[in-house]
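*Asks:* I'd like to ask you about the structure that follows.
Protein chains in written order, with this note's numbering: chain Y, 3 to 410; chain F, 3 to 410.
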């Protein structure tokens, strides 16, 4: 029997409130160079400590699979309980979400960037001399004004940072993925985007659309040296993901600040609660909306940013900032709280990593693992052990007593 | 390669004796309210402590899957090494086993209960006013006398507690599962039991049999207000489970007190050693039968019962009672001992739960995890880690040196 089917059959509707608090990139390494402590271990976290003293279960989560470092997409899909190997989100879609484009079912999105072409149409610089963001914005504006539609398909063009932008095709009967319109090296012409599945008539239509887009757009850019061409990659449609509410019988809300995470939450059908900027405001918003939703996804970004910078002190302070705000959330204690990250972002790596993420669960039924604090090293000793991140929502549901007994 | 096939190919026949001692519902939670100890941690267990001092490996087991709470059926199938998602036992079968009915291959069993019908045949009370067990016994006796056979199929009717009873059909060419003959709400007629797999001709025959049973039985009850009707649920056949002896090359015996566990052991072909009532008697019986079997499944019920009652002190005392009896078992020390539960039954929940079960293995090759005692918190740190319960028998076989090396 399929496990998701079993979970679904056993799921009961209850009145429980569940809060998943994600400190992006939380996990870190206790390196010798950093005095053998992690930022979470070095941080002063009296409020987390108090929560631990009230009884929490701890463990560590493998984001995707042993040794695999996830991007934000797979990292969050796993946290939302979707197997990131089964539900893949194209890079174009992730990029569009990151720019705050509200994708609709069936939209096809591509990451694009300006490049330089020679007189024969060969790519001489894949990044168009890394033009300034302002130039990119101007060129995108020009393209957007000239190309609003192709046939009956709407075209949405939105600039990103530097030479990067995103193209979204919104119409009927479209589908990805396509191969990249990018030779991935210089000295060659722009490749033709082709359906990855040659049997898909929708993908064929989409490939034709991309070709038409090039036909319309290249003349517009012809004299805009060094950005007289562009490459398109990760051309994919918004995947068909079962909605969070149907899957878990929980009405979900997302309280995030950055567009990417709002977009990922929207992909699974969460309602975005907008207008917050700080973790204090996010927790206050949770209090305001407590009665309106069952599941709250609260996303805190700073831990990841400072990890990427390799800034141990700043990551530690970000954790302390989060800790100082925690009592706001606890004013209306949810039945189940999980606190974790979507992946590790160790300062020593200045990048996302594969290292297991510390996680805690607090509920009336979590028990206590008798640990003093919530730390990477402590979580290694917890009763949750090391488990795949995609099961976290299932553990939260179990703690909310949302599962009937399996068998007699 | 299929893992079960690999195990099977590597299995050697040895003279080792293996004992699996199951303290039903053993696992518990160290809640703050209970002083942050579990019954196992609070109990005085000098004999278990001595066993630990002689060297044990500890760990925790996931009964079925993350967050899933098993009934006794899936819990024990997993302990016997059968994937509980692959080998499912219908509720009717479990109920029949619980009443001590010796099911045979091909038997179809249903849980049934008396209900009240109005003059139009609509269900007005799904539990027939919760009639007394004595009334149920009388009505079952009446039905059993009137309906011994339907065609060439034998019909066995056995009363349970209150309004509950079990019906078993014993004949040729029968198969479940069927949908319930139960509208699951009042104000509707008794539903027709239909094959879950509409292509199964055996299930069709069984559905016809259920319909015939209603035709014969309802007139018998017509004037027996408030129990003038009955509902049938979980209609299923005894599943085809590969025998324990073939699978593991171990001749197994079951020393249990309660019918349910004897029945589950019988499902996989264990010999039931009857006539014991206390854990002392069960261990004495093990000594008597030591030479006659290779694998002993010894089941202790009290831990689960007191967990279900939420009675921490009594669960603790039950563990102490077990501990006091343990030296009897050790008079003829088996080559491999495993001590664990089939699931957790935390006092704080007063119910079965999904929490991982502490487990210990003692053999000449178990090594020592250098823990002082056998406890939930200690087991978190053990060398067995957290593993799926279905692998316990494999670990026991390995400790019995029953597996040849895989590959050169």
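For each residue, glycine too, the CB sits at the ideal point set by N, CA and C.
Where does the unbroken alpha helix (DSSP H) through residue 138 of chain Y begin, and where does it stop?
*Replies:* Taken as a continuous stretch (DSSP letters only), the alpha helix (DSSP H) holding residue 138 of chain Y covers 135-148.
*Asks:* Can you check DSSP and say which residues form a bridge with residue 155 of chain F?
*Replies:* In DSSP, residue 155 of chain F forms a bridge with F:152.
*Asks:* What are the boundary residues of the alpha helix (DSSP H) that residue 52 of chain F is part of?
*Replies:* It spans 48-55 - the alpha helix (DSSP H) in which residue 52 of chain F sits, taken as one unbroken run.
*Asks:* Quick one, which residues of the stretch 357-368 of chain Y are near chain F if we go by CB-CB under 9 Å, in chain order?
*Replies:* Those residues of the stretch 357-368 of chain Y that come within reach of chain F (Cβ to Cβ, closer than 9 Å) are 366, 367 and 368.
*Asks:* Just how far apart, CA to CA, sit residue 296 of chain Y and residue 6 of chain Y?
*Replies:* Whole-angstrom Cα-Cα distance: 20 Å.
*Asks:* Give the residues of chain Y in contact with residue 62 of chain F, contact being defined as C-beta atoms less than 9 Å apart.
*Replies:* The contacting residues are 385 and 387.
*Asks:* Could you spell out the range, first to last residue, of the alpha helix (DSSP H) harbouring residue 78 of chain F?
*Replies:* Start and end: 74-81.
*Asks:* Alpha carbon to alpha carbon, how far is residue 64 of chain F from residue 129 of chain Y?
*Replies:* Rounded to the nearest angstrom, the two C-alpha atoms are 51 Å apart.
*Asks:* Does chain Y have any CB closer than 7 Å to the CB of residue 49 of chain F?
*Replies:* Taking Cβ atoms only, chain Y never reaches closer than 7 Å to residue 49 of chain F, which makes this a no.
*Asks:* If you drop the 5 nearest sequence neighbours on each side, which residues of the same chain put their C-beta closer than 8 Å to that of residue 216 of chain Y?
*Replies:* Excluding sequence neighbours, residue 216 of chain Y sits near 183 and 192.
*Asks:* Below 7 Å between beta carbons is the criterion; list the residues of the stretch 22-45 of chain F that meet it against any residue of chain Y, in chain order.
*Replies:* Cβ contacts with chain Y come from 31, 32, 33, 34 and 38.
*Asks:* Specify the secondary structure class of residue 23 of chain Y as computed by DSSP and reduced to three states.
*Replies:* If DSSP states are grouped into helix, strand and coil, residue 23 of chain Y belongs with the strands.
*Asks:* Identify every residue that forms a DSSP beta bridge with residue 309 of chain Y.
*Replies:* Answer is none; residue 309 of chain Y lacks a bridge partner.
*Asks:* Please look up how many angstroms separate the CB atoms of residue 342 of chain Y and residue 394 of chain Y, rounded, as I've assumed it's under 8 Å.
*Replies:* So it is a contact: roughly 7 Å between Cβ atoms.
*Asks:* Is residue 281 of chain F helix, strand or coil when you go by DSSP?
*Replies:* Helix.
*Asks:* Evaluate the contact criterion for the stretch 81-97 of chain F versus the stretch 140-157 of chain F: three or more CB pairs, one atom per stretch, below 8 Å.
*Replies:* No, the stretch 81-97 of chain F is not in contact with the stretch 140-157 of chain F.
*Asks:* According to DSSP, is residue 39 of chain Y helix, strand or coil?
*Replies:* Three-state DSSP puts residue 39 of chain Y in coil, outside helix and strand.
*Asks:* Starting from residue 325 of chain Y, trace the alpha helix (DSSP H) in both directions and tell me its first and last residue.
*Replies:* Element bounds for residue 325 of chain Y: 314-332.
*Asks:* Let me check one thing: in DSSP terms, what residues is residue 360 of chain Y bridge-paired to?
*Replies:* In the DSSP output, where bridge partners are listed per residue, residue 360 of chain Y has Y:62.
*Asks:* So residue 300 of chain F and residue 35 of chain F are supposed to be a Cβ contact under 8 Å. How far apart are they, rounded?
*Replies:* Incorrect: roughly 32 Å between the Cβ atoms, too far for contact.
*Asks:* Indicate whether at least one CB of chain F lies closer than 7 Å to the CB of residue 393 of chain Y.
*Replies:* So, interface residue.
*Asks:* Considering only their Cβ atoms, is the gap separating residue 15 of chain Y from residue 336 of chain Y smaller than 7 Å?
*Replies:* No, the pair does not count as a contact, with Cβ atoms beyond the cut-off.
*Asks:* At the 7 Å Cβ level, is residue 69 of chain F part of the contact set with chain Y, yes or no?
*Replies:* Chain Y, which has a Cβ nearer than 7 Å to the Cβ of residue 69 of chain F, makes this yes.
*Asks:* Checking 7 Å against the spacing of the C-beta atoms, do residue 388 of chain F and residue 387 of chain Y come in under that value?
*Replies:* For residue 388 of chain F and residue 387 of chain Y, yes; Cβs fall inside 7 Å.
*Asks:* What residue range is occupied by the uninterrupted beta strand (DSSP E) comprising residue 127 of chain F?
*Replies:* From DSSP, the beta strand (DSSP E) with residue 127 of chain F extends over 125-127.
*Asks:* State the start and end residues of the unbroken alpha helix (DSSP H) segment that holds residue 261 of chain F.
*Replies:* Per DSSP, residue 261 of chain F belongs to the alpha helix (DSSP H) from 261-269.
*Asks:* Sorted by chain position, which residues of the same chain lie with C-beta nearer than 6 Å to residue 58 of chain F's C-beta, five sequence neighbours on each side aside?
*Replies:* Closer than 6 Å at Cβ, skipping near neighbours: 362, 364 and 368.
*Asks:* Between the stretch 147-156 of chain F and the stretch 168-186 of chain F, do three or more beta carbon pairs fall short of 8 Å?
*Replies:* The stretch 147-156 of chain F vs the stretch 168-186 of chain F: in contact.
*Asks:* Whether or not the stretch 263-279 of chain Y and the stretch 230-249 of chain Y are in contact is what I'm after, with contact meaning three or more pairs of Cβ atoms, one per stretch, closer than 8 Å; do they touch?
*Replies:* With the cut-off at 8 Å, the stretch 230-249 of chain Y and the stretch 263-279 of chain Y touch.
*Asks:* Report the three-state DSSP secondary structure of residue 383 of chain Y (helix, strand or coil).
*Replies:* Reduced to three states, the DSSP call for residue 383 of chain Y is coil.
*Asks:* Assuming residue 375 of chain F is part of the beta strand (DSSP E), what are its boundary residues?
*Replies:* Here residue 375 of chain F belongs to no beta strand (DSSP E), and DSSP marks it neither H nor E.
*Asks:* Tell whether a beta-carbon distance below 7 Å holds between residue 209 of chain F and residue 196 of chain F.
*Replies:* Cβ distance < 7 Å, so residue 209 of chain F and residue 196 of chain F count as in contact.
*Asks:* Is there at least one Cβ from chain Y nearer than 7 Å to residue 305 of chain F's Cβ?
*Replies:* Output row for residue 305 of chain F: interface = no.
*Asks:* At least one CB of chain F closer than 7 Å to the CB of residue 232 of chain Y: is that the case?
*Replies:* Residue 232 of chain Y does not count as touching chain F.
*Asks:* Could you compute how far the alpha carbon of residue 69 of chain F sits from the alpha carbon of residue 13 of chain Y?
*Replies:* Rounded to whole angstroms, residue 69 of chain F to residue 13 of chain Y spans 11 Å at the Cα level.
*Asks:* Taking beta-carbon pairs under 9 Å, can you tell me which members of the stretch 70-91 of chain F lie near chain Y?
*Replies:* Answer in chain order: 70, 71, 72, 73, 74, 75, 76, 77, 79, 86, 87, 88, 90 and 91.
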